[in-house]
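Everything below concerns the one structure shown next.
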Amino acid sequence: MRKLPLTFYARPALEVARDLLGTLLVVDGVSGRRVGRVVEVEAYLGEHDLACHASKGLTPRTEVMFGPAGRAYVYLIYGMHHCFNVVTDAEGVGAAVLVRAVEPVEGLSPGERTDGPGRLCRVLGLNLNHNRQRLDSEGLHLLPGAPVPEAAVARGPRIGVEYAGAWAAEPFRLWIRDSGHVSRFVSRAPRRRP
DNA sequence: ACCGTGATCCGT
DNA sequence: CGGATCACGGTA
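Taking the numbering used here, the leading residue of the first sequence gets 968, the next gets one more, and so forth.
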């Protein structure tokens, strides 16, 4: 199966997010080849999207998001979990799609949980070494999967971005409705002002 | 509900 | 420099 080309990613984040559902995320490292089917994603649209890290502007961390499409954007959060994104859209646009859950396909212990952005990075072996890596490389790429019909796609607000005001309510989280490997809904109330 | 854990960013 | 914050997950 042929890798998704870098041009696949060079489109608005929401389009890429939609088309990422059902694709196969391949991580091939020293510890072997691991593959997961993408079943849940979130689109982060760019600098104007207040939930997007790029809304902080061009910083050392967000630089990769402003670069060419088809790179990995991996960051550490809460000091212990990694999150894996694909950089999308035109160069100069700070957009990306967060992969929030996959289904185990290959190289994973049966029954191992692959839902949740931090967990999927842990089980696939994704870490900061993958940050900025091209998504057409042997060690890290995506493959086309069986097409996911529109009726199977569910949409809702993104998780954990309550700080983003009106942007938090936008239905930019997409998942395969019947997957069974979609992350548990974690609702964080906006922190109450003291 | 609560907290671990460290990078990142911003204000001083 | 300090301190707040964080696109989370495990335990309670």
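Every residue, glycine too, gets a C-beta built ideally from N, C-alpha and C.
- Collapsing the DSSP output to three states places Val1031 in a helix.
- Assignment of Asp1056 by DSSP, reduced to helix, strand and coil, places it in the coil class.
- Going by C-alpha positions, Thr974 is about 18 Å away from Leu1065.
- Per DSSP, the unbroken alpha helix (DSSP H) holding Glu982 starts and ends at 980-987.
- Between Ala1068 and Ser1150, the C-beta gap is smaller than 8 Å, which places the two residues in contact.
- Here His1049 is buried: its Cβ has 16 or more other Cβ atoms, across all protein chains shown, within 10 Å.
- In this structure the region 1007-1019 does not touch the region 1093-1103; the number of beta carbon pairs closer than 8 Å is below three.
- A residue is called buried once 16 or more other Cβ atoms fall within 10 Å of its Cβ, and Gly1046, having fewer, is exposed.
- Restricting attention to Arg978, Val1002, Ala1039, Gly1132, the CA atom closest to the CA of Asn1096 is found in Ala1039.
- Remark: fewer than three beta-carbon pairs, one from each stretch, lie closer than 8 Å, so the region 1113-1131 and the region 1026-1044 are not flagged as touching.
- The alpha-carbon of Asp1056 is positioned some 22 Å away from that of Glu1117.
- Leu988 and Trp1142 have their alpha carbons spaced roughly 7 Å apart.
- Beta-bridge partners assigned by DSSP to Val1069: Val1005.
- Between Ala1121 and Arg1086, the C-beta spacing is not below 8 Å.
- In this structure Pro1027 is exposed. Its beta-carbon is surrounded by fewer than 16 other beta-carbon atoms within 10 angstroms.
- Bounds of the alpha helix (DSSP H) holding Val1090 are 1084-1091.
- The C-beta distance from Glu1009 to Arg1125 rounds to 5 Å, short enough to fall under 8 Å.
- Taking the C-beta atoms as reference points, Asp995 is found nearer than 8 Å to Glu1105.
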